[in-house]
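Residue numbers (full-length UniProt numbering): 12 to 339.
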Ligand code: ATP
Ligand code: SF4
Ligand code: MG
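1. Can you give, in chain order, each stretch of the beta strand (DSSP E) that sits fully within the stretch 39-126 and has at least 3 residues?
2. So which of 245, 255, 268, 267 has the shortest CA-CA distance to residue 331?
3. Might you give, ordered along the chain, the residues of its own chain that have their beta carbon closer than 6 Å to the beta carbon of residue 235, omitting 5 neighbours on each side?
4. Answer yes or no: the CB of residue 139 versus the heavy atoms of the ligand ATP, is any distance below 7 Å?
5. Please check the pair residue 403 and residue 56, which I expect to be a contact at CB under 8 Å, by giving their CB distance rounded to whole angstroms.
6. Between which two residues does the beta strand (DSSP E) containing residue 240 stretch?
7. Here's the rule: buried if 16 or more other CB atoms are within 10 angstroms of the residue's CB, otherwise exposed. What is residue 46?
8. Following the continuous beta strand (DSSP E) through residue 247, name the residue where it begins and the one where it ends.
9. For the alpha helix (DSSP H) containing residue 156, name the first residue and the last one.
10. Once you ignore the five residues that flank residue 270 on each side, which residues in its own chain have a CB closer than 8 Å to its CB?
11. Measuring only from the beta carbon, is residue 299 closer than 7 Å to any heavy atom that is part of the ligand SF4?
12. Can you have a look at residue 111 and say buried or exposed, based on whether 16 or more other CB atoms are within 10 angstroms of its CB?
13. Touching or not, the stretch 119-134 and the stretch 71-85, by the rule of three or more beta carbon pairs under 8 Å?
14. Does the stretch 176-194 touch the stretch 96-111, meaning 3 or more C-beta pairs lie closer than 8 Å?
15. Sorted by chain position, which residues of the same chain lie with C-beta nearer than 8 Å to residue 156's C-beta, five sequence neighbours on each side aside?
16. If you compare alpha carbons, which of 209, 20, 263, 100 is closest to residue 305?
17. Can residue 25 be considered in contact with the ligand ATP, in the sense that its beta carbon sits closer than 7 Å to one or more heavy atoms?
18. Taking the beta strand (DSSP E) that residue 197 belongs to, which residues open and close that run?
19. Can you tell me the Cβ-Cβ gap for residue 230 and residue 15, rounded? I've got them flagged as a contact below 8 Å.
Next up, the structure:
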């Protein structure tokens with residue numbers, strides 16, 4: 012049976028004046044229902060591009076050249092755009108690093124929260140307003156009864172992110188996509204927002220795709236993790252697999268330069284030596300070879316396939332070629 016979300020063999024290019032930027036490379040990923048899947052990787056590794064592709068919110072210059080995305084068993088790419096819009100904001104919702112991406116500055120929270128329930132034809136406006144107030148209360152907005160008429164600028168950054176979470180969950184989505192929702196907040200607020208997301212996810216029973224730079228936050232919140240590098244998912248597995256038994260040299264490097272590992276909360280992804288390669292016309296071979304401490308001849312000539320390491324654990328690295336292949 013299919014997972015709630017299945018991304019299969021996705022390739023995506025951005026058209027630019029200097030050529031095609033190959034931003035997603037044969038990306039495959041699953042999000043089972045009611046689970047939290049983290050996506051980690053350095054800046055520019057394609058995390059947001061993947062999130063936006065699932066949401067159907069790609070810019071004009073993006074082109075998907077291969078692959079499919081199945082959501083609740085339906086291929087999102089073979090769907091009329093009206094059906095796609097129907098899924099977005101009803102079964103699928105998203106929160107962003109900057110809450111103002113989803114909030115309209117010139118409309119009250121009340122009208123925006125009633126609007127977002129437009130798929131719901133059974134409830135009256137009064138009932139929708141009551142649901143909105145209850146949800147604001149749940150996410151920790153003080154005195155929501157009197158504040159629901161306020162405008163976004165009348166709230167602090169942390170409160171605005173809580174309002175975005177309330178809006179995204181009001182529709183009771185099957186999948187919430189959260190793209191670095193805590194990166195703009197201070198450490199104390201981050202902890203609060205992570206706990207809130209976890210509690211609400213359990214209450215609502217939705218799945219979450221959680222994009223983050225913060226290994227500590229991912230270890231705390233997620234069931235599964237996908238590690239991205241230069242547009243590729245280089246390793247994926249359970250939180251235990253990734254943090255206690257990392258197999259890919261890139262994942263190992265990330266964890267090694269994070270001395271506190273998962274005990275200490277890291278605010279940003281640690282830096283490992285070297286730069287992410289340009290995504291313009293990268294040739295064959297392993298995408299990580301220029302920075303990999305274990306690179307050998309084969310890594311220059313041949314692209315590693317995905318090797319299975321455990322029931323849910325796989326990685327793309329020639330060092331694993333003794334293990335069983337997932338795909339040839
Ligand atoms: P960050 O951690 O900084 O948010 P990210 O992992 O979310 O990074 P993306 O924003 O998905 O990375 O970008 C992946 C690659 O695609 C980068 O090389 C980026 O420069 C490129 N890219 C993203 N959007 C566009 C666009 N609209 N046009 C051209 N290139 C783009
Ligand atoms: Fe390093 Fe080679 Fe493995 Fe790539 S395939 S991660 S270069 S050892
Ligand atoms: Mg991003």
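No residue lacks a Cβ here, since even glycine has one placed at the ideal position from N, Cα and C.
All values reported here derive from a predicted model rather than from experimental measurement.
In brief:
1. 47-51, 73-82, 103-106
2. For this step, residue 331 is matched to residue 320 along the chain shown. Per the Cα distances, 245.
3. Here residue 235 refers to the residue found at position 224 of the chain shown. Answer for residue 235: 48, 249, listed in chain order.
4. The sequence position of residue 139 within the chain shown is 128, counting from 1. No, the Cβ of residue 139 stays beyond 7 Å of every heavy atom of the ligand ATP.
5. For residue 403 there is no data in the structure shown, the boundaries of the chain being 12 and 339.
6. Here residue 240 is taken as the residue at index 229 of the chain shown, counted from 1. Here the beta strand (DSSP E) through residue 240 covers 235-240.
7. Start at 1 with the first residue of the chain shown, and residue 46 comes out as number 35. By the neighbour-count rule (16 or more Cβ atoms within 10 Å), residue 46 is buried.
8. By 1-based counting over the chain shown, the position of residue 247 is 236. Looking at the DSSP string, the run of the beta strand (DSSP E) that includes residue 247 is 243-249.
9. Taking the chain shown and counting its residues from 1, one reaches residue 156 at position 145. Where residue 156 is concerned, the enclosing alpha helix (DSSP H) stretches over 155-158.
10. Within the chain shown, numbered from 1, the residue matching residue 270 stands at position 259. Because residue 270 sits at a pLDDT of 46, beneath the cut-off of 50, its placement in the model cannot be relied upon, and the point is left open.
11. Indexing the chain shown from 1 puts residue 299 at position 288. At least one heavy atom of the ligand SF4 is nearer than 7 Å to the Cβ of residue 299, so yes.
12. Counted from its first residue, the chain shown places residue 111 at position 100. Exposed.
13. no
14. yes
15. Sequence index remark: in the chain shown, residue 156 carries index 145 (1-based). So the qualifying residues of the chain are 144.
16. Residue 305 sits at position 294 when you count from the first residue of the chain shown. When each option's Cα is compared against that of residue 305, the closest is 263.
17. On the chain shown, residue 25 is found 14 positions in, with the first residue counted as 1. The answer is yes for residue 25.
18. Numbered from 1 along the chain shown, position 186 holds the residue referred to as residue 197. No beta strand (DSSP E) contains residue 197, which DSSP labels as neither H nor E.
19. Start at 1 with the first residue of the chain shown, and residue 230 comes out as number 219. Start at 1 with the first residue of the chain shown, and residue 15 comes out as number 4. The pair is not a contact, with the Cβ atoms about 22 Å apart (cut-off 8 Å).
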